[in-house]
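In the numbering used here, the protein residues as written are 224 to 623.
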Amino acid sequence: MKEYSYIDIFSGCGGLSVGLMNSGWKGIFAIEKSKEAFETLKYNLINNKKHFNWPNWLPIQNYCIDNVIKRYKNELEELKGKVDLIVGGPPCQGFSTAGKRNREDERNNLVNSYIKFIKIVKPSMLFFENVKGFTLCFKKKNGGIKHYSNYVCDKLSSLGYSVHGEILDFSDFGIPQRRKRFILIGLLTGDPKKFFETLEESKAKFLKSKGLKNKQNLKAAISDLLKKNGIVDSPDTKYFKAGKYGNPTSNYQILMRKTCNGLNKIPDSHRFANHSITTIKKFKYIIKNAPRNIELKDFISKICNTKKRTVVLLDKNTVAPTLTTLPDDCIHYCEPRILTVREYARIQSFPDWFEFKAKYTTGNNARKRETPRYSQVGNAIPPLFSEQCGLIFKEVLDGN
224 MKEYSYIDIF SGCGGLSVGL MNSGWKGIFA IEKSKEAFET LKYNLINNKK
274 HFNWPNWLPI QNYCIDNVIK RYKNELEELK GKVDLIVGGP PCQGFSTAGK
324 RNREDERNNL VNSYIKFIKI VKPSMLFFEN VKGFTLCFKK KNGGIKHYSN
374 YVCDKLSSLG YSVHGEILDF SDFGIPQRRK RFILIGLLTG DPKKFFETLE
424 ESKAKFLKSK GLKNKQNLKA AISDLLKKNG IVDSPDTKYF KAGKYGNPTS
474 NYQILMRKTC NGLNKIPDSH RFANHSITTI KKFKYIIKNA PRNIELKDFI
524 SKICNTKKRT VVLLDKNTVA PTLTTLPDDC IHYCEPRILT VREYARIQSF
574 PDWFEFKAKY TTGNNARKRE TPRYSQVGNA IPPLFSEQCG LIFKEVLDGN
């Protein structure tokens, strides 16, 4: 059988690559600027799973994509026409409506780096992902507008690609989270609309093969990770407690725990926050009295005397809202605490064997240069979604 190859750029901690691995793809290499995110990808997919056929000319480390293009342009040109797929999307912070949309964010310029990389390697197919805000216009001071999604489509078309983009909600594909993202497919040969049509037609069959329903609620995702299951000293952080597994209560939990060693194993990155007594009392009040799955800005400003912009009390009977990189944006649906990294990862459909590295959180100016565990998960593409995409990629490239 043909071995399908891909390169993952702006890879983050590896959510896209996990799904592609599970759908039978083989990675060539990955490009990620963040040292912390690449440490997680390297541990899981390079050292543990041996997933990449990493070339000898590229040292295994974190990179800025511009440095790779500059230092290894000749080697990249040798790959032209030999790569089936390039996946990834530039950082989304400058485009995201969940934060401060900033037309001047220097990371927006990485769109041009992406296009330059595609031009050099010229894969048969490309997969571009970004936030919904990527499709919205920025107003320019001189009266014009900057519409990045149209800009990317025009540039890729000029390189010979047929392109088509749509906004998809990952909760429609078995992810227990309402997460809308702009997905763009480019093909040198064929109709990229077929990808979206086949993805929609195939999702029910795919989820059924995994024993899953079309919609997963939050309880089905994380109810075996409750604090009441028992606590132990955190294996990776002093002065913190971590949780134990409870019995799985859904097929989703069984799937996520596959290849893990049963109830005696402590879930990776399942460390609980050290909340103050005051915070716990506030959370208990919110759990008892607040509406669920909506922003509680007005409620908490009056009751809890805080100016925090976004807090959501989760609802176990429906999907979670879009997870951000800020863990205190969400309160657990029945326990007075924020979610753990492992619960974040479950909601993003990372399997439990996937371990996260580096510190858990960071703050202030350090957020601009560090990517802690919560951020790694919050920035990722859900592996269960990318696995479905990987299967369709192969069908499209085969012309089926």
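Even for Gly, the Cβ is constructed at its ideal location relative to N, Cα and C.
Nothing here was measured: the structure is a model prediction, and the numbers come from that model.
**Report entry** DSSP state of C376 mapped onto helix, strand, coil
**Finding:** If you number the sequence shown from 1, residue 376 lands on position 153. In this structure, C376 counts as helix in the three-state DSSP scheme.
**Report entry** Backbone CA spacing between K417 and V619 [nearest angstrom]
**Finding:** Reading the sequence shown from its first residue, position 194 is the one you call residue 417. Reading the sequence shown from its first residue, position 396 is the one you call residue 619. Looking at the two C-alpha atoms, the distance is approximately 7 Å.
Requested in this report: Count the C-beta pairs between the region 604-618 and the region 243-251 that are closer than 8 Å, then say yes if the count reaches three, no if not.
Outcome: yes
Query raised in the report: Shortest alpha-carbon distance to N297 belongs to which of F275, Y266, K273 and F340?
Result: Here the question's residue 297 lines up with position 74 in the sequence shown. Among F275, Y266, K273 and F340, the Cα nearest to that of N297 belongs to F340.
Query raised in the report: What three-state label does DSSP hand Q571 in the structure shown?
Result: One-based indexing of the sequence shown puts residue 571 at position 348. It is coil, neither helix nor strand.
Report task. Counting only the same chain and skipping the five closest in sequence on each side, list residues whose C-beta sits under 6 Å from that of S257. Result -> Along the sequence shown, read from residue 1 onward, the residue named residue 257 stands at position 34. Excluding residues within five positions, the ones whose Cβ falls inside 6 Å are T594.
**Report entry** Where S319 sits in the DSSP three-state scheme
**Finding:** Taking the first residue of the sequence shown as 1, we reach residue 319 at position 96. Residue placement at S319 is poorly supported in this model, since its pLDDT is 43, which falls under 50; the coordinates still yield a value, given next. DSSP places S319 in coil when its eight states are reduced to three.
Query raised in the report: Exposed or buried, what is T682 when buried is set at 16 or more other beta-carbons lying within 10 Å of its beta-carbon?
Result: There is no way to answer for residue 682, as the model of the chain reaches only from 224 to 623.
Report task. Starting from F608, trace the alpha helix (DSSP H) both ways and give me its first and last residue. Result -> As a first step, residue 608 must be located in the sequence shown, where it is residue number 385. Note, F608: alpha helix (DSSP H), P606 to D621.
Report task. Label G622 either buried or exposed according to how many other C-beta atoms from any shown protein chain fall within 10 Å of its C-beta, with 16 as the threshold for buried. Result -> Working through the sequence shown from its first residue, we reach residue 622 at position 399. So G622 counts as exposed.
Report task. Spell out the partners DSSP gives R494 in its beta bridges. Result -> Taking the first residue of the sequence shown as 1, we reach residue 494 at position 271. Paired residues: A465.
Query raised in the report: Whose CA, out of V375, A253 and F616, lies closest to the CA of C287?
Result: Numbered from 1 along the sequence shown, position 64 holds the residue referred to as residue 287. Looking at the Cα atoms, A253 is the closest of the given residues.
Requested in this report: In angstroms with no decimal places, state the Cα-to-Cα distance between A568 and G238.
Outcome: For this step, residue 568 is matched to residue 345 along the sequence shown. For this step, residue 238 is matched to residue 15 along the sequence shown. Each residue's Cα considered, the two are about 10 Å apart.
**Report entry** C-beta atoms of S234 and L264 nearer than 8 Å
**Finding:** Position 11 of the sequence shown holds residue 234. Position 41 of the sequence shown holds residue 264. Closer than 8 Å, so yes.
Query raised in the report: To the nearest angstrom, how far is it from the Cα of F579 to the Cα of K436?
Result: If you number the sequence shown from 1, residue 579 lands on position 356. If you number the sequence shown from 1, residue 436 lands on position 213. F579 and K436: Cα-Cα distance of roughly 27 Å.
Query raised in the report: Which residue's Cα is closest to the Cα of C483: E566, S372 and Y468?
Result: By 1-based counting over the sequence shown, the position of residue 483 is 260. The candidate whose alpha carbon is nearest that of C483 is Y468.
**Report entry** Sequence-distant residues of its chain with Cβ nearer than 6 Å to F357 (five each side left out)
**Finding:** Residue mapping note: residue 357 aligns to position 134 of the sequence shown, counting from 1. Cβ neighbours of F357 beyond the five flanking positions: F318, Y371, S372 and F405.
Query raised in the report: Around the Cβ of S380, are there at least 16 other Cβ atoms within 10 angstroms (buried) or fewer (exposed)?
Result: Counting from 1 along the sequence shown, the entry for residue 380 is found at position 157. Looking at its Cβ environment, which holds fewer than 16 other Cβ atoms inside 10 Å, S380 is exposed.
Query raised in the report: Nearest to E518 by CA position, among I510, V535, Q599 and H498, is which residue?
Result: Residue numbering aside, residue 518 sits at position 295 when the sequence shown is read from its first letter. Considering only alpha carbons, the answer is V535.
Query - Environment of Y229 [buried if 16+ CB atoms lie within 10 Å] - result: Mapped onto the sequence shown, residue 229 falls at position 6. Burial call: buried.
Requested in this report: Can you grab the Cα-Cα spacing for the pair N325 / K451, in whole Å?
Outcome: For the purposes of this step, residue 325 is taken as residue 102 along the sequence shown, with counting starting at 1. For the purposes of this step, residue 451 is taken as residue 228 along the sequence shown, with counting starting at 1. Low confidence applies here, because N325 scores a pLDDT of 46, under 50, leaving its location unreliable; read the following figure in that light. If I take the Cα positions, the gap works out to 42 Å.
Query - Contact check, M348 vs D307, beta carbons under 8 Å - result: Taking the sequence shown and counting its residues from 1, the one referred to as residue 348 is at position 125. Taking the sequence shown and counting its residues from 1, the one referred to as residue 307 is at position 84. It is a contact, given that the beta carbons lie within the stated cut-off.
Query raised in the report: Could you check where the alpha helix (DSSP H) with F418 kicks off and where it finishes?
Result: Here residue 418 corresponds to residue number 195 of the sequence shown, with the count starting at 1. Where F418 is concerned, the enclosing alpha helix (DSSP H) stretches over K416 to S432.
Query raised in the report: If we count the other Cβ atoms within 10 Å of its Cβ and call it buried at 16 or more, is E255 buried or exposed?
Result: As a position in the sequence shown, residue 255 is number 32, starting the count at 1. Buried, since its Cβ has 16 or more Cβ neighbours within 10 Å.
Requested in this report: Would you mind working out which of G613, L614, T545 and C553 sits nearest Q400, comparing C-alpha positions?
Outcome: Residue mapping note: residue 400 aligns to position 177 of the sequence shown, counting from 1. Looking at the Cα atoms, T545 is the closest of the given residues.
Query raised in the report: From what residue to what residue does the beta strand (DSSP E) around N353 run?
Result: Sequence index remark: in the sequence shown, residue 353 carries index 130 (1-based). Segment M348 to V354, the beta strand (DSSP E) holding N353.
Query raised in the report: Based on Cα-Cα distance, which residue from K342, R560 and P314 lies nearest to G304?
Result: Counted from its first residue, the sequence shown places residue 304 at position 81. Among K342, R560 and P314, the Cα nearest to that of G304 belongs to K342.
Query raised in the report: Helix, strand or coil: which one does DSSP assign to A589?
Result: Taking the sequence shown and counting its residues from 1, the one referred to as residue 589 is at position 366. If DSSP states are grouped into helix, strand and coil, A589 belongs with the helices.
Report task. Compute the beta-carbon to beta-carbon distance between T541 and N474, rounded to the nearest angstrom, for a pair I have assumed lies under 8 Å. Result -> Position 318 of the sequence shown holds residue 541. Position 251 of the sequence shown holds residue 474. No, T541 and N474 are not in contact; Cβ-Cβ is about 18 Å, not under 8 Å.
Query raised in the report: Since Y337 and I251 are thought to touch, with beta carbons under 8 Å apart, how far apart are those beta carbons, to the nearest angstrom?
Result: On the sequence shown, residue 337 is found 114 positions in, with the first residue counted as 1. On the sequence shown, residue 251 is found 28 positions in, with the first residue counted as 1. The Cβ separation is near 17 Å, so there is no contact.
Query - Reference E423, options I615, E226 and V310, closest by Cα - result: Numbered from its first residue, the sequence shown carries residue 423 at position 200. Considering only alpha carbons, the answer is I615.
Query raised in the report: Per DSSP, what kind of secondary structure is S394 in: helix, strand or coil?
Result: As a first step, residue 394 must be located in the sequence shown, where it is residue number 171. Reduced to three states, the DSSP call for S394 is helix.
Requested in this report: Label K284 either buried or exposed according to how many other C-beta atoms from any shown protein chain fall within 10 Å of its C-beta, with 16 as the threshold for buried.
Outcome: Translated into positions along the sequence shown, residue 284 becomes position 61. First, the amino acid is wrong: residue 284 is Gln here, not Lys. Exposed, since its Cβ has fewer than 16 Cβ neighbours within 10 Å.
**Report entry** Residue burial classification, K225 (beta-carbon count within 10 angstroms, cutoff 16)
**Finding:** The residue given as residue 225 occupies position 2 in the sequence shown. Per the 10 Å Cβ criterion, exposed.
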